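Under the working numbering, the first residue of the sequence shown carries the number 420, and numbering increases by one thereafter.
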Amino acid sequence: MNLNPEAAPSIDSLIARADQALAQALPAEHQPPVELHRAMRYAVLGGGKRLRPLLVYAAGIALGANLDALDAAACAVEFIHAYSLVHDDLPAMDDDALRRGRPTCHIVFGEAMAILAGDALQALAFEILADATDIDDADTRLRMLQVLGRACGAEGMAGGQAFDLAAVGHRLSLDELERMHDYKTGALIRASVMLGALASGCRDSTALDALDRFGRAVGLAFQVRDDILDVEGEAAVIGKTQGKDAAADKPTFVSIIGMDASHHRLDGLVGEALAAIEPLGERGHTLAALARFAVERIS
Numbered sequence: 420m421n422l423n424p425e426a427a428p429s430i431d432s433l434i435a436r437a438d439q440a441l442a443q444a445l446p447a448e449h450q451p452p453v454e455l456h457r458a459m460r461y462a463v464l465g466g467g468k469r470l471r472p473l474l475v476y477a478a479g480i481a482l483g484a485n486l487d488a489l490d491a492a493a494c495a496v497e498f499i500h501a502y503s504l505v506h507d508d509l510p511a512m513d514d515d516a517l518r519r520g521r522p523t524c525h526i527v528f529g530e531a532m533a534i535l536a537g538d539a540l541q542a543l544a545f546e547i548l549a550d551a552t553d554i555d556d557a558d559t560r561l562r563m564l565q566v567l568g569r570a571c572g573a574e575g576m577a578g579g580q581a582f583d584l585a586a587v588g589h590r591l592s593l594d595e596l597e598r599m600h601d602y603k604t605g606a607l608i609r610a611s612v613m614l615g616a617l618a619s620g621c622r623d624s625t626a627l628d629a630l631d632r633f634g635r636a637v638g639l640a641f642q643v644r645d646d647i648l649d650v651e652g653e654a655a656v657i658g659k660t661q662g663k664d665a666a667a668d669k670p671t672f673v674s675i676i677g678m679d680a681s682h683h684r685l686d687g688l689v690g691e692a693l694a695a696i697e698p699l700g701e702r703g704h705t706l707a708a709l710a711r712f713a714v715e716r717i718s
């Protein structure tokens with residue numbers, strides 16, 4: 420199914436598709452161990468922007484993918500994202516009681532069950548991607564597994580979280596801050612774009628490189644906007660504790676370069692993202708919309 424811009428599904432319809440795929444891929448609540456499965460579903464299905472699944476779909480759409488071939492990757496990246504939030508909220512990490520406008524997973528289910536829910540979601544992400552029957556080529560699935568593994572390991576989210584923990588109370592340079600967020604936030608966003616491209620069957624190194632540059636810019640822009648919202652946002656709107664980073668003495672774009680410069684950096688990053696996908700023309704419409712969302716969102 421080669422989608423032209425006019426036939427491309429709306430973002431709202433893609434969110435609905437992702438929500439349905441996630442609900443179907445998760446274990447049923449009544450299936451033992453019940454408490455673990457309830458915690459997993461609570462962590463994944465309790466709202467959220469679904470940015471990472473959307474990027475999978477948007478990259479695949481831009482390259483003419485069949486949507487069925489994108490569902491597994493869309494679920495996998497959201498499971499990884501949800502697991503990271505569950506663990507990030509734990510007392511030993513960011514110690515947060517509010518996520519997506521609701522009590523965090525460990526507040527509802529206890530710390531031990533929250534840890535297990537995160538572990539299980541990470542494992543499920545790789546299982547569903549390895550079993551992606553709509554992607555016939557085993558080499559493609561293997562490469563997709565490698566991309567996802569790198570994004571959430573020591574050179575991705577886990578490494579970024581380690582940088583983040585070590586940075587509390589310290590002054591970082593802008594380069595150091597951007598490296599930390601390239602790992603912590605950007606790696607999975609870049610992987611989402613790349614997984615969508617790979618699931619489409621794309622082997623064009625020039626196109627893949629352009630999409631990777633797009634993903635890197637969007638990932639960093641998303642974090643800059645997060646830092647701005649931590650200062651300017653309201654907890655009831657952003658769905659998490661406002662001012663948490665400042666209270667914890669964590670380095671942010673706002674604390675290092677100031678609010679005006681952070682807004683300027685945000686504008687520059689979305690410009691980089693849009694320039695990277697300019698050769699796609701109208702096929703990159705959904706990707707472009709998501710890049711703009713990263714800088715305009717209020718939550």
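Even glycine gets a Cβ: it sits at the ideal position worked out from N, Cα and C.
All of these numbers come straight from a predicted model, not from anything done at the bench.
Tell me, to the nearest whole angstrom, how far the beta carbon of residue i is from that of residue j; I am working on the premise that it is less than 8 Å.
i	j	result
V643	M678	Between M678 and V643 the Cβ distance is about 11 Å, and since that is not below 8 Å, they are no contact.
A708	I430	6 Å
A786	A629	One cannot answer for residue 786 here, as it falls past the ends of the chain, which runs 420 to 718.
R519	D508	11 Å between Cβ atoms; not a contact.
P688	A640	In the sequence under discussion, the amino acid at residue 688 is Leu, which differs from the Pro named in the question. Their Cβ separation, rounded to whole angstroms, is 4 Å, which keeps L688 and A640 in contact under 8 Å.
Can you give the Cα-Cα distance for residue i and residue j, rounded to whole angstroms?
i	j	result
R436	H589	42 Å
R683	S624	Note that residue 683 corresponds to His in the displayed sequence, not to Arg. The alpha-carbon atoms of H683 and S624 are separated by roughly 31 Å.
L543	A462	13 Å
S718	F712	10 Å
M613	K669	30 Å
L511	I534	The question names Leu, but residue 511 in the sequence shown is Ala. Going by the C-alpha atoms only, they are around 11 Å apart.
G467	L445	16 Å
C591	V496	Residue identity differs from the one stated: residue 591 is Leu in this sequence, not Cys. In a straight line, the C-alpha of L591 is about 29 Å away from that of V496.
V566	A606	10 Å
A501	R457	14 Å
L464	G568	23 Å
A636	L693	9 Å
L433	Y476	7 Å
L441	A447	11 Å
F633	E691	7 Å
H600	G579	6 Å
C524	E546	23 Å
D515	A626	40 Å
P424	L706	For P424, the predicted model reports a pLDDT of 44, less than 50, meaning its position is unreliable; a value from the coordinates is still stated below. Between P424 and L706, the C-alpha separation is close to 12 Å.
E530	P451	19 Å
H506	G537	6 Å
G742	Q439	Coverage of the chain is limited to positions 420 through 718, which leaves residue 742 absent and any answer about it impossible.
Tell me which residues share the same chain as residue i and place their Cβ nearer than 8 Å to its Cβ, disregarding the 5 neighbours each side in the sequence.
i	result
D631	R609, V612 and M613
L584	M512
Q541	F498, I499, Y502 and C571
A577	C571
R562	L617
C621	L482 and L627
So, at 7 Å on beta carbons, what are the nonlocal neighbours of residue i in its own chain, with the 5 sequence-adjacent residues on each side left out?
i	result
L593	I675 and I676
V656	A caution first: V656 carries a pLDDT of 49, below 50, which makes its placement in the model unreliable, though a value can still be read off. Closer than 7 Å at the Cβ level, and outside the excluded window around V656, lie I717 and S718.
F672	L596, V643, D646, S681 and R684
E454	F528 and M532
A539	L455 and M459
Residues in the same chain with beta-carbon distance under 6 Å from residue i, minus the five sequence neighbours each way, listed in chain order, please.
i	result
D558	none
P472	A437, A493 and E497
R521	G465
Taking Cβ positions only, does residue i come closer than 7 Å to chain D?
i	result
D623	Note that chain D does not occur in the displayed structure, where there is just one protein chain.
Is there contact here, the region 552 to 559 with the region 475 to 491, by at least three beta-carbon pairs under 8 Å? With a cut-off of 8 Å, the region 475 to 491 and the region 552 to 559 count as touching, because enough Cβ pairs lie within range.
Where are the beta strand (DSSP E) runs, 3 residues long or more, that stay fully inside the region 601 to 638, in chain order? None, since the region 601 to 638 contains no complete beta strand (DSSP E) of that length.
Please confirm if the region 464 to 483 is in contact with the region 691 to 711, defined as three or more CB-CB distances below 8 Å between the two stretches. Cβ pair count under 8 Å is three or more, so yes.
Could you tell me which uninterrupted alpha helix (DSSP H) segments, each at least 4 residues in length, are contained entirely in the region 476 to 526, listed from first to last along the chain? Counting whole runs of 4 or more residues, the region 476 to 526 contains the alpha helix (DSSP H) stretches 490 to 507.
Counting only runs of 4+ residues fully inside the region 537 to 572, write out the alpha helix (DSSP H) ranges in chain order. With a minimum length of 4 residues, the continuous alpha helix (DSSP H) runs that stay inside the region 537 to 572 are 557 to 571.
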